[in-house]
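Student: For the numbering used here, count along the sequence shown from 1 and bump the result up by 117.
For every residue, glycine included, the Cβ atom is placed at its ideal position computed from N, Cα and C.
Please read these numbers as outputs of a predicted model, since none were measured by experiment.
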Amino acid sequence: MRKSLYSLIGVLLLGVQPASAADAVAHPDPFKEEIRPLLDQYCAKCHGPDKAKAGVNFSSFTNSISVYHDIKLWEKVVAKVRDEDMPPEGKPQPTVEQRKQMVAWIEKSLKDLEEGRLPKDPGRVLIHRLSKTEYNCTVRDLLGVDSNPADKFPTEGGGGGGFDNNADTMFIPPILMERYLAAATEILDAAHHDKIFFAKKNIFNSDRATAKKIIAHFALQGFRRPAQKEEVDRLLSIYDTARKQGQDYEAAVKTALKGILVSPKFLFRVEQDRESSQPYPVSDYELASRLSYFLWSSMPDDELFALASKNKLHEPAVLEQQVQRMLRDRKSKVFSDSFAGQWLRVRELKTSAQPDTNKFPEYTPALRDAMYAEVIEFFNSVVQEDRSVMDILDANYTYLNEDLAQLYGIDGVHGRELQKVELKDANRGGVLGMSAVLTMTSYPLRTSPVLRGKWVLEQILGTPPPPPPPLVQSLPPNDHPVDGLTLRQQLEKHRSNPNCAGCHSKMDPLGFGLENFDAIGRWRAEIEQKPVDASGVMPSGEKFTGPAELKKVLLNRKDDFARNLTEKMLAYALGRGLEYYDVPTVKEITKKLAESNYRSSVLIAEIVKSYPFQYRRNQPTQQASN
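The following block contains the structure:
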């Protein structure tokens, strides 16, 4: 219902058509004609809507395109079919020719996708409402107001990789429109006088002429493109009406500017369709907005506007130079806060993580804020200093204040401000040794190897486990032994359940490797008077003990980490979840990232230069048929 309302608002106010729910294949589909019948005959009884063994339900795959929405599953399917592991013994078996047919079709389809042989598609471009962060940063740069008025707006949900700038999840509850009106008044009252009235009245310019100059200036910046004559005239008519109603010059100008602040052209990032059935490059003004909201969460500055007006921003050398300039600007700190805070999920530290303060009296609001700031400051240093993104996994430095240094057992750090500190303990460097992550993946009274292992799989490696089966027995809320069994032994017993073993064999070892860190990230050698067992064995057979050795295991999976980070950052940059047609882009960016020794600037620049970032397509006017 909310998405329907959201799309309707876009159509009525902005002339933007809603995206279709699926892409279609207009020609005969080999999946429907050749593969679907085989699935129905040999697989559906165990992997259908009534019984979905191992969480696999083939009923949702209706055409060739639908297969591309779960590539990882079909990579497993082709291996199982090729090796004759599926269907299992005792079940009806396909003929040799049928098995070959299925393997050949899946392998070709996956290879066509990975190597970019499918038609290029820049993806869906929905109308994009400014997020709370984007709204605050935009009014700061537009009118010099830093009071963060959007903090009073309703809470936003995350989507598209867990980011709050995903257009699919940015609904418009009725109360939000009321808040926009109230915020516009608040912003204009708080703005510095000289910022608004930069054009001065004199004997050569009437009040109205000066007002028009001010209105046209803020319309260009607020709409993030040159305002059309009729748009300026409409805003000027607001000024005229206000004057007729008795408002003085300055009050009438502010009334007209309020029209900008509540306009859909300000509240939404709108890109115009063109008369084309094929994808096409975005305009330079649209590119400027994509770039500035990616790296600054704000409107373009004067330099970006100037380059867009000359149609030079899209030139590769110019664009590269602008990326580097923008990353050096202090405004790029919000990129670290917004992207890393959501990707690593440490924003949850301020909302859902609640360590028991009776057991952990050291956990104060000030310490919590320092934990969060450590992650953001560290990630920002990787970007600002163009370090390898592998430093995120392991580094010999971090940012601490006195409270956090004491928690880590590090001497010589004084004061409330964070400062760069060299680390001598190999267990602590990188995000896995940061208290924000360790606290956020713990329960109020104890650590959780399961939550920590799941976090590593999802946020670091990009290989999330499936949801747990229903009615799983929960473990105790604290570290106390139960029936003589330690928490680790209870987890090992839990893994003996065949329905649980597959996922827990991947998650639990990763979490065990971090067990030397307690529920707020302090180092410990014992749990309940027994030595910590921080050893782990991965399904591949790799063995490790403790955080330092765990990080070496993860660094052996650089490809997984680089791919996952690329996917996350690309989704954030595009403001949408990734789709099957983004696979070639991710592969190309990941390749260039590896060739550069994983330099962070290369990752960001390649995203900006990528096809989906620089191109768009018109939205279909009706839902395509499956």
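In the DSSP assignment, find the beta strand (DSSP E) that holds Ser652 and state where it starts and stops.
Tutor: Where Ser652 is concerned, the enclosing beta strand (DSSP E) stretches over 652-654.
Student: Can you list, in chain order, the residues of its chain with a C-beta nearer than 7 Å to that of Lys382? Leave out the 5 residues immediately preceding and following it.
Tutor: Here the set comprises Phe340.
Student: Does the beta-carbon distance from Ser552 to Met488 come in below 8 Å?
Tutor: For Ser552 and Met488, yes; Cβs fall inside 8 Å.
Student: Under three-state DSSP, which class holds Gln536?
Tutor: Here Gln536 sits in strand by DSSP.
Student: Three or more beta-carbon pairs under 8 Å between the stretch 659-669 and the stretch 233-253, yes or no?
Tutor: No, they do not touch.
Student: Taking all protein chains shown into account, decide if Leu230 is buried (16 or more other Cβ within 10 angstroms of its Cβ) or exposed.
Tutor: Flag for Leu230 reads buried.
Student: The beta strand (DSSP E) spanning Tyr516 covers which residue range?
Tutor: Unbroken beta strand (DSSP E) run through Tyr516: 514-517.
Student: Look up Phe634 in the DSSP assignment and give the residues it is bridged to.
Tutor: BP columns for Phe634 point to Trp640.
Student: Straight-line CA distance for Val173 to Glu479?
Tutor: Roughly 45 Å separates the two Cα atoms.
Student: Quick check on His186: does DSSP put it in helix, strand or coil?
Tutor: Three-state result, His186: helix.
Student: I'd like to check one pair, Leu517 with Gln536: are the Cβ atoms closer than 8 Å?
Tutor: Cβ distance < 8 Å, so Gln536 and Leu517 count as in contact.
Student: Quick check: the Cα distance between Phe678 and Gly653, rounded to an integer number of angstroms?
Tutor: Computed Cα separation, rounded: 20 Å.
Student: Leaving out five residues before and five after Ala116 in sequence, what residues of the same chain have Cβ atoms less than 6 Å from its Cβ?
Tutor: Any property of residue 116 remains undetermined from this structure, which presents the chain solely from 118 to 743.
Student: Exposed or buried, what is Gly458 when buried is set at 16 or more other beta-carbons lying within 10 Å of its beta-carbon?
Tutor: Buried is the call here.
Student: What is the DSSP secondary structure of Thr564, counted as helix, strand or coil?
Tutor: DSSP places Thr564 in strand when its eight states are reduced to three.
Student: Return the CA-CA distance between Glu643 and Leu604, expressed in angstroms with no decimal places.
Tutor: Approximately 13 Å, taken between the alpha carbons.
Student: Closer than 8 Å, CB to CB, is Asp311 near chain D or not?
Tutor: No chain D is part of this structure, which consists of one protein chain only.
Student: For Asp140, does the count of other Cβ atoms within 10 angstroms reach 16, so buried, or fall short, so exposed?
Tutor: Any reading at Asp140 is ruled out, since the residue's pLDDT is 42, under 50, leaving its predicted position unreliable.
Student: Mark Ala143 as exposed unless 16 or more other C-beta atoms lie within 10 angstroms of its C-beta, in which case mark it buried.
Tutor: Residue confidence for Ala143 is low, a pLDDT of 48 falling below 50, so the modelled location carries little weight and cannot support an answer.
Student: Who are Arg216's beta bridge partners in DSSP?
Tutor: According to DSSP, which records beta bridges pairwise, Arg216 is partnered with nothing at all.
Student: How far does the beta strand (DSSP E) with Lys660 in it extend, from its first residue to its last?
Tutor: Where Lys660 is concerned, the enclosing beta strand (DSSP E) stretches over 660-662.
Student: Name the two residues that bound the continuous alpha helix (DSSP H) containing Leu337.
Tutor: Counting along the chain, the alpha helix (DSSP H) containing Leu337 begins and ends at 324-340.
Student: How close, in whole Å, do the beta carbons of Arg733 and Val387 come, if the pair is a contact with beta carbons under 8 Å?
Tutor: Contact doesn't hold; Cβ gap of about 12 Å is too wide.
Student: Residues in its own chain within less than 7 Å of Pro209 by CB, not counting five upstream and five downstream?
Tutor: So the qualifying residues of the chain are Tyr159.
Student: Leaving aside the five residues before and after Ser226 along the sequence, list all residues of the same chain whose C-beta is less than 7 Å from its C-beta, in chain order.
Tutor: If we look at Ser226 and ignore the five residues flanking it on each side, its Cβ neighbours are Ser181, Val184.
Student: Measuring only the C-alpha atoms, how far is Asp187 from Ser177?
Tutor: The straight-line gap from Cα to Cα measures roughly 10 Å.
Student: Output yes or no for whether 8 Å exceeds the beta carbon distance between Tyr297 and Leu384.
Tutor: Cβ distance < 8 Å, so Tyr297 and Leu384 count as in contact.
Student: List the whole-angstrom C-beta distance separating Leu744 from Asn595, where the pair is believed to meet the contact cut-off of C-beta under 8 Å.
Tutor: Residue coverage of the chain in this structure runs from 118 to 743, which leaves residue 744 outside it and unanswerable.
Student: Please classify Gly694 as buried or exposed, where buried requires at least 16 neighbouring CB atoms within 10 angstroms.
Tutor: When all chains shown are included, Gly694 counts as buried.
Student: In chain order, what are the residue ranges of uninterrupted alpha helix (DSSP H) at least 4 long that sit wholly in the stretch 395-456?
Tutor: Counting whole runs of 4 or more residues, the stretch 395-456 contains the alpha helix (DSSP H) stretches 401-412, 419-426, 433-445.
Student: On a Cα-Cα basis, can you pick out the residue from Leu627, Asn282, Pro648 that is closest to Met655?
Tutor: The candidate whose alpha carbon is nearest that of Met655 is Leu627.
Student: In three-state terms, what does DSSP make of Phe175?
Tutor: If DSSP states are grouped into helix, strand and coil, Phe175 belongs with the helices.
Student: When you compare the CB positions of Val440 and Ala722, do they come within less than 8 Å of one another, or not?
Tutor: Taking 8 Å as the Cβ cut-off, Val440 and Ala722 qualify as a contacting pair.
Student: The alpha helix (DSSP H) spanning Ser469 covers which residue range?
Tutor: It is not in any alpha helix (DSSP H) - Ser469 carries neither H nor E in the DSSP assignment.
Student: Using beta-carbon positions only, say whether Pro584 and Gly240 come within less than 8 Å of one another.
Tutor: It is not a contact, given that the beta carbons lie outside the stated cut-off.
Student: Would DSSP call Ala543 helix, strand or coil?
Tutor: It is coil, neither helix nor strand.
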